[in-house]
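Reviewing the structure listed below.
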Amino acid sequence: MRRSIFAKLTISFFFFSALIIGFMWLTSSAVLDREFQSYLSEVKTSEVEEAFEEIAEMYSSEDGFSTEELRDIRRISNRRGYSIDIVDQDGESLVSDSGEKGGFQGGKLLDGELKEMEFPLEMEGGSGTVTIGFKDGLGLKAEDLVFKSAMRKSLGFAGVFLLLLSIVISYFFSRKISSPIRKVKLVAERIKEGEWSHKYLSSKSDPKEIYELSEAIDQMAMTLKAQEDMRKKLVSDMAHELRTPIAVLKSHLEAMIEGVWEVSTERLQDLYVEVDMVNELVNRLKDIHTLEGGSQTLNLEVVSLPEELWSVVNPLTPMFAEKGLEIGVKADKTFRVKLDKSKFKQIMYNLILNAYKYSEVGAKVRVEALETELGLELSVSDTGIGISSEDLPLVFERFYRGEKSRNKDYGGTGLGLTIVKALVEAHGWSISAESEIGVGSKFTIAIPRKSFENS
Numbered sequence: 001m002r003r004s005i006f007a008k009l010t011i012s013f014f015f016f017s018a019l020i021i022g023f024m025w026l027t028s029s030a031v032l033d034r035e036f037q038s039y040l041s042e043v044k045t046s047e048v049e050e051a052f053e054e055i056a057e058m059y060s061s062e063d064g065f066s067t068e069e070l071r072d073i074r075r076i077s078n079r080r081g082y083s084i085d086i087v088d089q090d091g092e093s094l095v096s097d098s099g100e101k102g103g104f105q106g107g108k109l110l111d112g113e114l115k116e117m118e119f120p121l122e123m124e125g126g127s128g129t130v131t132i133g134f135k136d137g138l139g140l141k142a143e144d145l146v147f148k149s150a151m152r153k154s155l156g157f158a159g160v161f162l163l164l165l166s167i168v169i170s171y172f173f174s175r176k177i178s179s180p181i182r183k184v185k186l187v188a189e190r191i192k193e194g195e196w197s198h199k200y201l202s203s204k205s206d207p208k209e210i211y212e213l214s215e216a217i218d219q220m221a222m223t224l225k226a227q228e229d230m231r232k233k234l235v236s237d238m239a240h241e242l243r244t245p246i247a248v249l250k251s252h253l254e255a256m257i258e259g260v261w262e263v264s265t266e267r268l269q270d271l272y273v274e275v276d277m278v279n280e281l282v283n284r285l286k287d288i289h290t291l292e293g294g295s296q297t298l299n300l301e302v303v304s305l306p307e308e309l310w311s312v313v314n315p316l317t318p319m320f321a322e323k324g325l326e327i328g329v330k331a332d333k334t335f336r337v338k339l340d341k342s343k344f345k346q347i348m349y350n351l352i353l354n355a356y357k358y359s360e361v362g363a364k365v366r367v368e369a370l371e372t373e374l375g376l377e378l379s380v381s382d383t384g385i386g387i388s389s390e391d392l393p394l395v396f397e398r399f400y401r402g403e404k405s406r407n408k409d410y411g412g413t414g415l416g417l418t419i420v421k422a423l424v425e426a427h428g429w430s431i432s433a434e435s436e437i438g439v440g441s442k443f444t445i446a447i448p449r450k451s452f453e454n455s
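For reference, each letter of the sequence shown is one residue, going 1 to 455 in the UniProt record's numbering.
As structure tokens, then:
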């Protein structure tokens, strides 16, 4: 079973927090033990020094230690758990091992490390030595144990409190992160159901990634809507494009079958034209499928660009003149480009005939090649009717035609520019369009320097 991102974040934050809190608790406990032991050692050293001062005060340089003072020394040894050895300046023992080695303290055996401290004792004629042995380290008084236990409990309670606090923080933090993701998911589900206009309204508190994700989904919704609209339009256009020639064929054949029309070469020629239109439509769709599927093979060779352009323009010049249009080519004779001649001619024929179709009497069509820093720009421009800003982004979509009425003056299958774009990209080039209603249009092919030579 897959966990939600909320559950994963909550569990991850909780375990991460628990790991940090556990590490802090262990570290704090270790530091507490070390510092507490250091404190006890300092206290023990201070007590030993106090014991020596008491012994030093008892000693008389003239009489030494009296019997009563020796008993007091033994009491100090027994009461504090010390071993006390005193030697005079001649090395003779005055007091030897007065208490158990390791002694007793408060009636409890000390388990610490045995340590000794030596102190000089001023005597008549020289200096003696007082050696006090004691247990240091883990030997603790009852009150010390109570204090240490209380400190450990306090650390434990603090750890539990922080752990509970981390659970609460993890919950709200995970909720804060996962909430916009869930909302984006809901938007994506609505889009999946076809509600293209449904959008995620991001807030300023959303992370940058969530904002970018929502923007990407909104763009995806717009793209999907455009594709769905295009699909519907494709079906509509296909039906429209096929309906006319099929209807003509049907009506002509019915008239011939019923004897209304005689079967003649002229009428058969009309039927052939309609069949040819259907065949052209199917072939163009097949070409697009081949190009977009990446199975098209290009026969690349380096050729003179001006020669290829004129080989396309020259046969079309009479047709342009008949319509009252001007066409010209401007390209440096040194321009040489690596291309597939057949596919390149198909590109140029489509662009030039497109300019021809949408230009009125007196318009000018210009084919121009211009060298740039990045390579070469090859453009086909006209002073025709132009394309609206709403239609311009769609000109390379299949079956798209800016002329909504589809009247015979403009006609066409709406696949020419789609094929042009596919062929241009197959060469590794790019194409763009710019236009203005009543001013004209310009289609520009950007050819990178790796495909272009100027020699």
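By construction, the Cβ of each residue, glycine as well, lies at the ideal position given by its N, Cα and C atoms.
Helix, strand or coil for residue i? Go by DSSP, reduced to three states.
i: R406; result: Summary for R406: the model assigns pLDDT 39, below 50, so the residue's position carries little reliability; its value from the coordinates is reported in the next sentence. Of the three classes helix, strand and coil, the one that applies to R406 here is coil, per DSSP.
i: F14; result: helix
i: F452; result: strand
i: A369; result: strand
i: D332; result: coil
i: V31; result: helix
i: G194; result: coil
i: L121; result: strand
i: S83; result: strand
i: S236; result: helix
i: G126; result: strand
i: I132; result: strand
i: T265; result: helix
i: I177; result: helix
Span of the alpha helix (DSSP H) holding residue i?
i: I419; result: 416 to 426
i: R336; result: Where R336 is concerned, there is no enclosing alpha helix (DSSP H), although the beta strand (DSSP E) it sits in stretches over 335 to 340.
i: G70; result: At residue 70 the sequence reads Leu, which differs from the Gly that was named. 67 to 80 is the extent of the alpha helix (DSSP H) around L70.
i: S311; result: 305 to 323
Residue i: which of the options sits nearest, CA to CA?
i: T45; options: T131, A239, I437; result: T131
i: L213; options: I167, P180, A363; result: P180
i: L155; options: V31, S381, V367; result: V31
i: I169; options: V420, K333, I11, V313; result: I11
i: K153; options: S29, E215, K345; result: S29
i: V248; options: R267, R231, K232, E262; result: R267
i: R398; options: E326, D287, L325; result: D287
i: E69; options: R80, E57, R79; result: E57
i: R449; options: G324, W429, V439, K442; result: W429
i: residue 493; options: L40, V87, M123, L162; result: It is not possible to answer for residue 493, since the shown part of the chain is limited to 1 through 455.
Assuming residue i contacts residue j under a Cβ cut-off of 8 Å, what Cβ separation, rounded to an integer in Å, is found between them?
i: I84; j: S93; result: Not really, about 11 Å apart at Cβ, beyond 8 Å.
i: L298; j: A331; result: Contact flag wrong, Cβ pair sits at about 21 Å.
i: V395; j: L417; result: 5 Å
i: V329; j: V367; result: 5 Å
i: S432; j: T444; result: 5 Å
i: K341; j: V303; result: 6 Å
i: V260; j: I217; result: V260 to I217, Cβ: 60 Å. No contact.
For residue i, count the other beta carbons within 10 Å of its own beta carbon; 16 or more makes it buried, fewer makes it exposed. Which is it?
i: T27; result: exposed
i: S166; result: buried
i: L309; result: buried
i: K101; result: The pLDDT assigned to K101 is 39, lower than 50, so where the model puts this residue is not dependable; a value taken from the coordinates is nonetheless given after this. By the neighbour-count rule (16 or more Cβ atoms within 10 Å), K101 is not buried but exposed.
i: E143; result: exposed
i: N283; result: exposed
i: T383; result: buried
i: A369; result: buried
i: I191; result: buried
i: G386; result: buried
i: M319; result: exposed
i: K343; result: buried
i: G99; result: Per-residue confidence for G99 stands at a pLDDT of 43, beneath the threshold of 50, marking its modelled position as unreliable; the derived number appears in the next sentence. The residue is buried, with at least 16 neighbouring Cβ atoms inside 10 Å.
i: S359; result: buried
If you follow the beta strand (DSSP E) that residue i is part of, which residue opens it and which one closes it?
i: V361; result: First-last for V361: undefined, no H or E at that position.
i: L378; result: 375 to 382
i: D391; result: Taken as a continuous stretch (DSSP letters only), D391 belongs to no beta strand (DSSP E), as it is neither H nor E.
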